[in-house]
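Novice: The working numbering puts the first residue of the sequence shown at 12, with every later residue one more than the last.
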Amino acid sequence: MSQIEAAKADAGTVDARAASAGLSLLCAGILILIYMLNFLDRQIIGILAAPLKAEFNLSDSQFGLLGGLAFALLYSTLAIPIAWLAIGSAGCGS
12 MSQIEAAKAD AGTVDARAAS AGLSLLCAGI LILIYMLNFL DRQIIGILAA
62 PLKAEFNLSD SQFGLLGGLA FALLYSTLAI PIAWLAIGSA GCGS
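(1) Considering only their Cβ atoms, is the gap separating lysine 64 from phenylalanine 74 smaller than 7 Å?
(2) From alanine 97 to alanine 90, what distance separates their C-alpha atoms?
(3) Locate the alpha helix (DSSP H) running through serine 70, then write down its first and last residues.
(4) Could you check where the alpha helix (DSSP H) with glycine 99 kicks off and where it finishes?
(5) Could you give the distance in angstroms between the alpha-carbon of leucine 69 and the alpha-carbon of aspartate 52?
(6) I need the straight-line Cα distance from aspartate 71 to isoleucine 55, nearest angstrom please.
So this is what it looks like as structure tokens:
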């Protein structure tokens with residue numbers, strides 16, 4: 012292989028690495044944004060606790076089940092199908 016062909020091959024590898032690094036940063040940014048939205052979503056329930064309990068005549072126990080157990084069950088049941096979709100898609104890391 013000549014030096015010119017070797018230089019072209021090295022340049023292609025560098026371009027691929029730069030594109031991969033850029034995609035990795037984009038994926039990390041998207042995941043951070045999703046995490047922030049998830050955190051805010053969980054905090055809104057606590058902020059609106061008093062108005063929600065008054066509106067729906069919920070006791071503290073009922074509200075605790077709604078905010079804790081119901082959320083955990085929904086979250087855990089949907090985690091596996093969403094993971095399958097994420098692994099099967101041509102998104103980040105594929």
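Ideal placement from N, C-alpha and C gives every residue a C-beta, glycine not left out. Every value quoted in this text rests on a predicted model; they were computed, and no experiment measured them.
Specialist: In short:
(1) Yes, the pair counts as a contact, with Cβ atoms nearer than the cut-off.
(2) Alanine 97 and alanine 90 have their C-alpha atoms some 10 Å from each other.
(3) Note, serine 70: premise wrong, no alpha helix (DSSP H); not H, not E.
(4) Here the alpha helix (DSSP H) through glycine 99 covers 81 to 99.
(5) Cα to Cα, the separation comes out at about 20 Å.
(6) Going by the C-alpha atoms only, they are around 17 Å apart.
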